[in-house]
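The structure appears below as structure tokens.
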Amino acid sequence: MAEPSTTGLDGANRGLADLMTRLRTGLPGGHAGLAVLLLALILGFSAFVPNFLSAGTLQSFMYQLPLLGLLSLAMIVPLMTGGLNLAIIATTNQCALLMVWIMRTMIAPDAGAGTVFAIILLALLAGLALCLVIGLITGFLVAYTGVHPILVTLGTKSLIDGISIYLTRGMALSGIPDAFAKAGNATLLGVPLIFVILIVTAVIVGVILKRTAFGISCAMIGSNIQATRYSTIDTRRVLVGVYVMSSVTCFVAALVMLVTFNSASADYAQSYLLVTILAAVLGGVDPFGGFGTVGGLMLALAILQIISSGFNQFGLSNYLTVAIWGAILILVVMVQTLRPHFRQLLSK
Amino acid sequence: MPDDRSAFSLKALRRRPEMWLLAVILVVGTVFALAARDFLSLPNIIDLLETYSVQSIMAMGLFVVLVSGGIDISFAATASVAQYCAALIATQLGLPAPLVIVAGLLIGTALGCVNAALIHKMRITSIIATIAMMSISFSLLMYFSSGKSIYTLPDWWTDRIVFYQTETAVGDLVRITLPIVTMMVVALFTWAWMTRSSIGRQLYAMGGNPEAARRIGIGIGKLHFVAYGYLGFMAALAGLVQAHRVGESVPNAMYNTELAVLSAAVLGGASLTGGIGTVPGVLLGIVLLAMLQNGLNLLGVSSYFFQIVIGITILISTSITVLSSRRGRRHRIIAEAPGNG
Amino acid sequence: MADETPFLRLTGISKRFGGVKALDGIDWDVKRGEIHCLVGENGCGKSTLIKAVVGVHAPSSGTIEIDGADVPVLDPARAKALGIQVIFQDLSLFPNLSVAENIAIENHLEHALKPVRKERLRGVARDVLRRLNFDLDLSTIVSDLSVAERQIVAIARGLAAQARLIFMDEPTASLTRAEVNRLLAIVSRLKADGIAVVFVSHRLDEVVEIAERVTVMRDGRKVGTWPVAEVDQKRIAHLMTGLDIDHSIVARDMGDAPELLHVEKLSRRGEFADIDFTLHQGEVLGIIGLLGSGRTELALTLFGMHRADAGAITLDGKPLRLSSNRDAVEAGIAYVSEDRLGLGVILPQSIGDNIILAVMKQLAGRFGLIATKSRQKLADDWVKRLSIKVAGTDRPVQTLSGGNQQRVVLAKWLATRPKVLILDSPTVGVDIKNKQGIYEVVAELARQGVGVILISDEVSEVFATCDRVLHMRSGRIIGAEVPGQVSEHEMEERIYA
Numbered sequence: 001m002a003e004p005s006t007t008g009l010d011g012a013n014r015g016l017a018d019l020m021t022r023l024r025t026g027l028p029g030g031h032a033g034l035a036v037l038l039l040a041l042i043l044g045f046s047a048f049v050p051n052f053l054s055a056g057t058l059q060s061f062m063y064q065l066p067l068l069g070l071l072s073l074a075m076i077v078p079l080m081t082g083g084l085n086l087a088i089i090a091t092t093n094q095c096a097l098l099m100v101w102i103m104r105t106m107i108a109p110d111a112g113a114g115t116v117f118a119i120i121l122l123a124l125l126a127g128l129a130l131c132l133v134i135g136l137i138t139g140f141l142v143a144y145t146g147v148h149p150i151l152v153t154l155g156t157k158s159l160i161d162g163i164s165i166y167l168t169r170g171m172a173l174s175g176i177p178d179a180f181a182k183a184g185n186a187t188l189l190g191v192p193l194i195f196v197i198l199i200v201t202a203v204i205v206g207v208i209l210k211r212t213a214f215g216i217s218c219a220m221i222g223s224n225i226q227a228t229r230y231s232t233i234d235t236r237r238v239l240v241g242v243y244v245m246s247s248v249t250c251f252v253a254a255l256v257m258l259v260t261f262n263s264a265s266a267d268y269a270q271s272y273l274l275v276t277i278l279a280a281v282l283g284g285v286d287p288f289g290g291f292g293t294v295g296g297l298m299l300a301l302a303i304l305q306i307i308s309s310g311f312n313q314f315g316l317s318n319y320l321t322v323a324i325w326g327a328i329l330i331l332v333v334m335v336q337t338l339r340p341h342f343r344q345l346l347s348k
Numbered sequence: 001m002p003d004d005r006s007a008f009s010l011k012a013l014r015r016r017p018e019m020w021l022l023a024v025i026l027v028v029g030t031v032f033a034l035a036a037r038d039f040l041s042l043p044n045i046i047d048l049l050e051t052y053s054v055q056s057i058m059a060m061g062l063f064v065v066l067v068s069g070g071i072d073i074s075f076a077a078t079a080s081v082a083q084y085c086a087a088l089i090a091t092q093l094g095l096p097a098p099l100v101i102v103a104g105l106l107i108g109t110a111l112g113c114v115n116a117a118l119i120h121k122m123r124i125t126s127i128i129a130t131i132a133m134m135s136i137s138f139s140l141l142m143y144f145s146s147g148k149s150i151y152t153l154p155d156w157w158t159d160r161i162v163f164y165q166t167e168t169a170v171g172d173l174v175r176i177t178l179p180i181v182t183m184m185v186v187a188l189f190t191w192a193w194m195t196r197s198s199i200g201r202q203l204y205a206m207g208g209n210p211e212a213a214r215r216i217g218i219g220i221g222k223l224h225f226v227a228y229g230y231l232g233f234m235a236a237l238a239g240l241v242q243a244h245r246v247g248e249s250v251p252n253a254m255y256n257t258e259l260a261v262l263s264a265a266v267l268g269g270a271s272l273t274g275g276i277g278t279v280p281g282v283l284l285g286i287v288l289l290a291m292l293q294n295g296l297n298l299l300g301v302s303s304y305f306f307q308i309v310i311g312i313t314i315l316i317s318t319s320i321t322v323l324s325s326r327r328g329r330r331h332r333i334i335a336e337a338p339g340n341g
Numbered sequence: 001m002a003d004e005t006p007f008l009r010l011t012g013i014s015k016r017f018g019g020v021k022a023l024d025g026i027d028w029d030v031k032r033g034e035i036h037c038l039v040g041e042n043g044c045g046k047s048t049l050i051k052a053v054v055g056v057h058a059p060s061s062g063t064i065e066i067d068g069a070d071v072p073v074l075d076p077a078r079a080k081a082l083g084i085q086v087i088f089q090d091l092s093l094f095p096n097l098s099v100a101e102n103i104a105i106e107n108h109l110e111h112a113l114k115p116v117r118k119e120r121l122r123g124v125a126r127d128v129l130r131r132l133n134f135d136l137d138l139s140t141i142v143s144d145l146s147v148a149e150r151q152i153v154a155i156a157r158g159l160a161a162q163a164r165l166i167f168m169d170e171p172t173a174s175l176t177r178a179e180v181n182r183l184l185a186i187v188s189r190l191k192a193d194g195i196a197v198v199f200v201s202h203r204l205d206e207v208v209e210i211a212e213r214v215t216v217m218r219d220g221r222k223v224g225t226w227p228v229a230e231v232d233q234k235r236i237a238h239l240m241t242g243l244d245i246d247h248s249i250v251a252r253d254m255g256d257a258p259e260l261l262h263v264e265k266l267s268r269r270g271e272f273a274d275i276d277f278t279l280h281q282g283e284v285l286g287i288i289g290l291l292g293s294g295r296t297e298l299a300l301t302l303f304g305m306h307r308a309d310a311g312a313i314t315l316d317g318k319p320l321r322l323s324s325n326r327d328a329v330e331a332g333i334a335y336v337s338e339d340r341l342g343l344g345v346i347l348p349q350s351i352g353d354n355i356i357l358a359v360m361k362q363l364a365g366r367f368g369l370i371a372t373k374s375r376q377k378l379a380d381d382w383v384k385r386l387s388i389k390v391a392g393t394d395r396p397v398q399t400l401s402g403g404n405q406q407r408v409v410l411a412k413w414l415a416t417r418p419k420v421l422i423l424d425s426p427t428v429g430v431d432i433k434n435k436q437g438i439y440e441v442v443a444e445l446a447r448q449g450v451g452v453i454l455i456s457d458e459v460s461e462v463f464a465t466c467d468r469v470l471h472m473r474s475g476r477i478i479g480a481e482v483p484g485q486v487s488e489h490e491m492e493e494r495i496y497a
């Protein structure tokens, strides 16, 4: 971390600090900008893509968004503290694998509804427990060794992935009981259950980050961990909590993943890892910590998903979509950074 | 002066994580040598060198970026793009070897410079800029290539070039091939350049304290282009060498190697915050990971097990480095405080 | 002297930023080999003046002469070539490089592709350090040096670049007394070599001690330049602020008030030993000691951040066992750190969140949720009570001045309703007007029965605000004085002895 400059000649740093302040106060404007971008995309696609504004598009939107959305929520919590959790996909996959394994080995073909229900419950509890353990271990390593979270979670990612691959020999596991799959694909007033799960989780994470001592501490740690510690916040406990929360969100993501894919594997969704960071930054989360909102993240996710659905219906390949996502990120960050300069130019 | 002798040696050790690494490598090496007879055999070692040459070349470029205080996630994508474009030029246009090679290297360097421009001119954080660039260049490559490999590389590219060849007592053929030589030249050059040239030292200075570097008149912008451009160049070179080794250009062959190379570099003592790291350290980091994989293979341990070992290695080695340096700092505070203890 | 042309002469220098006049017609000169002090409160224009001289900001009007010759265009490279160097407060060293390389860093700038000869770098560094009569291992990495040693390296780097005038920004801010003395010895060597040194400072005691001449600035104007012998601290303070600072003694005898905090035989190995004192309700107890005297370490132990090895702390008659600062705050002890920017405020975050930080748990209602309204009310309340000048509590703390930032820190701790408030050098980097404001807050707290421990190394500060003053050195309390029973001058002599 850079030492803060104090008084005196150090105007250059102060200038930088001012710039950062201006950027930050511009964040609500950033949300407005994202909303405008989203609207423009929707209008643009409906103008050029026939049938874009249809129930079908909305349905696919609501089915495709939840997994990426939940994984991004798992990423945003450590990002707020200036950390990173590279192990979210690995955690999700391993949790899903464990749950499938329990369900398919323990449910006999002739089992009654009660037994099936009990075993599904057991599988969920086991998955949750696994995520708690992973979160605790990661959190303790980050909080008590002081190793940068990138390295810690790179290690845990490798370790978790390794264990999953070793145990499954890289194969996918299927065999989810019908009851589970049916429940997962249910709809609530026409809204897919998994989309409802995403919204509920997002609201919970958002409220925790904005309205609880824990959430405020996260942002404070992201800005200055030492000063936070001096202000009687148990920063280590908060950090452990952060990675536990991230891992538990992965548990929810694992549920959605099982419902979506009907199976589990060690290498599902691996390409989402960097996309979650991309979505968070696009949504105004400061990659160095301290600032970010779930609302911004959700807007960013909607933008990414609209681009993806729109181009898909346009008949463009998935690969091109990812390239466009990357370009949008660069564009948005560029506009955010350069806006003060533009303003200066205009005021001259 | 505040430190006594014993603290000094501890400090020296802390300053040189390479020493730790070397010790670990010797221990692991001894264990493998005792357990698997082939492990220390010349053919096995040469084979290892060749297998890891591509990653080493990329690591040398990444090392320079890390020293300058940045990070780059996009180099594996850069390598793939440069390799595939060069392969297209060679097969579709049929241009001669020097032109193809120059074109490939130029493409890599240019992609590196785009990163530098995004980071320096647009002031986008390096990790964000390069993640974005990675998704853009890799997806565009997959889109335009439709994921199709190019198998018809010209002979000059795929023919094995042997610099030295000998037969061991048991009759195994040992060859020093082009990838090994390229890797050694690159490592030697990077080492000399970073330790013995002004611009190398400027890169260290910028990584250590960018604001101070700017104040004394070091051209920060220029150095960004040098560092990321160099990595782009090295990535392209690694891409060309990789195609030379396997005899074809597969668009996603090098996908996902970036984290492995990054772990090796960090394992070898290159700091993510800039200014710290050495070429021998980074090479040792690669050696350790290579040895683990190869040794476990020879012992008949499932290759699936390898990733677990990498994970544990990263966790343990980084924790030890950080914890030992923290203990050193605590000693200092007490030593500096007024003496009645 | 043979040549009386000053090394640097400014005539009528003005600088405007938009509509604001940062410098207004400054005439100023620095003689060869002179030690000169440039003082003024934060924002008085001294930084802008330096930037004009080193070529960062071109002045809007006026002339700069160096060595008697007019320099119409001055950019950083040209200023450096003419021998002007600035040592910034953060020293601008490269922590990852060796002492030799830091000193001779300019060698790397000559030609990008030139091979580096280690021996040449070491030669340059060795020569310069010899000139300073200072011994440092050339291959030590700079991050392993103490702050004082780093400062020497920064000076040596200036010398290696052929400096003839060195600006030092707040050079003594983080040095112990012995280290300051060593720095002064080095500065007098520079003077002997004909190199001028300009100290830029807002602390007054150093000024009187070091300089030959003092220049005072206020509101972008030069108030005047005087030989040091003709002005004293009080007069300089008056010139800097335009205010008459009342140094009347407030000390009261609080011996009859109920005991609040009692510390007995408190020790922590390597930091302090056998600390005994009692703090009464409503008392302001000064602890004066220089940096490295163990004062901050003692405070951190009372605040539960460090554990004592031996001894007892009693609060309100009950023994305290502190295993974290949470325990301390719960018991009623709060601590304002000396490092305001690093440990006091969280600069980029909002004023409101900074204020509620230590009492978030109390604010939380059902499900641990903190209501926006109560959060806002608490922040507004404290902003009003401490009259913090803010545009809104949702603004980042870094938009505030130093004095107002310190009030935010005070608000954070006062919100915990402490019985004992430990203030560690609370007025560092705070201008004189705001200092008075902070002293008034302290006095008001004392009237309400809060016990205040004021740690400081400025005698005038404790003399004018405390009821009793403990004197700390080398980790021990070596004396206790009551302001008024000894004079300020006597106290000063005992402390700097």
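Here the protein sequences come in this chain order: A, B and C.
The working numbering numbers the first residue of the first sequence as 1 and each following residue consecutively.
The working numbering numbers the first residue of the second sequence as 1 and each following residue consecutively.
The working numbering numbers the first residue of the third sequence as 1 and each following residue consecutively.
Cβ atoms here follow ideal geometry from the backbone N, Cα and C, with glycine treated the same way.
It should be emphasised that the depicted structure is a prediction, and the values quoted were computed from it without experimental measurement.
*Just how far apart, CA to CA, sit GLY242 of chain C and LYS234 of chain C?*
11 Å
*By how many angstroms is the C-alpha of ASN312 of chain A removed from the C-alpha of HIS111 of chain C?*
54 Å
*asked:* For the alpha helix (DSSP H) containing SER146 of chain B, name the first residue and the last one.
replied: Where SER146 of chain B is concerned, there is no enclosing alpha helix (DSSP H), given that its DSSP letter is neither H nor E.
_Nonlocal neighbours in the same chain, by C-beta distance under 8 Å from GLY123 of chain C, ignoring five residues either side_ = none
*Chain-ordered neighbours of ILE105 of chain C on chain B, where CB pairs are closer than 7 Å*: ALA205 and ILE216
*Between the segment 305-333 of chain A and chain B, which residues of the former have CB atoms less than 7 Å from a CB of the latter, in chain order?*
SER317, TYR319, LEU320, VAL322, ALA323, TRP325, GLY326, ALA327, LEU329, ILE330 and VAL333
*Out of curiosity, what's the CA-to-CA distance linking GLY294 of chain C and ILE166 of chain C?*
32 Å
*If you run the structure through DSSP and keep just helix, strand and coil, what is PHE199 of chain C?*
strand
*With VAL229 of chain B and GLY112 of chain B assumed to form a contact (beta carbons below 8 Å), what rounded beta-carbon distance in angstroms separates them?*
Position check: residue 229 of chain B holds Gly in this sequence, whereas Val was assumed. So it is a contact: roughly 4 Å between Cβ atoms.
_Does ALA343 of chain C pass the burial test, meaning 16 or more other C-beta atoms within 10 Å, or should it be called exposed?_
The sequence shown places Leu at residue 343 of chain C, rather than the Ala named in the question. LEU343 of chain C should be labelled buried.
*For ILE370 of chain C, collect the residues of the same chain with a Cβ closer than 6 Å to its Cβ; drop the 5 residues on either side in sequence, then sort them by chain order.*
LEU363 and ALA364
*Apart from the five residues just before and just after ASN294 of chain B, which ones in its own chain have a Cβ nearer than 6 Å to its Cβ?*
LEU48
*Is the CB-CB distance between SER158 of chain A and SER263 of chain B below 9 Å?*
yes
*Could you check what DSSP says for ILE287 of chain C in three-state terms: helix, strand or coil?*
strand
*What residues from chain A crowd round GLY368 of chain C, counting only those whose CB sits closer than 8 Å?*
THR212, ALA213 and PHE214
*Which residues, in chain order, does the segment 141-167 of chain A contribute to contact with chain B at a C-beta distance below 8 Å?*
LEU141, THR145, GLY146, VAL147, HIS148, ILE150, LEU151, VAL152, LEU154, GLY155, THR156, LYS157, SER158, LEU159, ILE160, ASP161, GLY162, ILE163, ILE165 and TYR166
_Does chain A have any CB closer than 9 Å to the CB of GLN307 of chain B?_
yes
*Consider the Cβ of MET220 of chain A: report whether some Cβ of chain C lies at a distance smaller than 9 Å.*
yes
*Which same chain residues, not among the five before or five after TYR63 of chain A, have their C-beta less than 8 Å away from its C-beta?*
PRO192, ILE194, PHE195 and THR260
*If we call anything under 9 Å between Cβ atoms a contact, is GLY332 of chain C one with PHE214 of chain A?*
no
*Rounded to the nearest angstrom, how far is the Cβ of ALA243 of chain B from that of TRP157 of chain B, given a contact under 8 Å?*
7 Å
_With 16 other Cβ atoms within 10 Å as the buried cut-off, status of VAL20 of chain C_ = exposed
*Return the Cβ separation of PRO59 of chain C and ILE13 of chain C in integer angstroms, given the expectation that the two are a contact with Cβ distance under 8 Å.*
5 Å
*Buried or exposed: ALA35 of chain B, going by 16 or more other Cβ atoms within 10 Å of its Cβ?*
exposed
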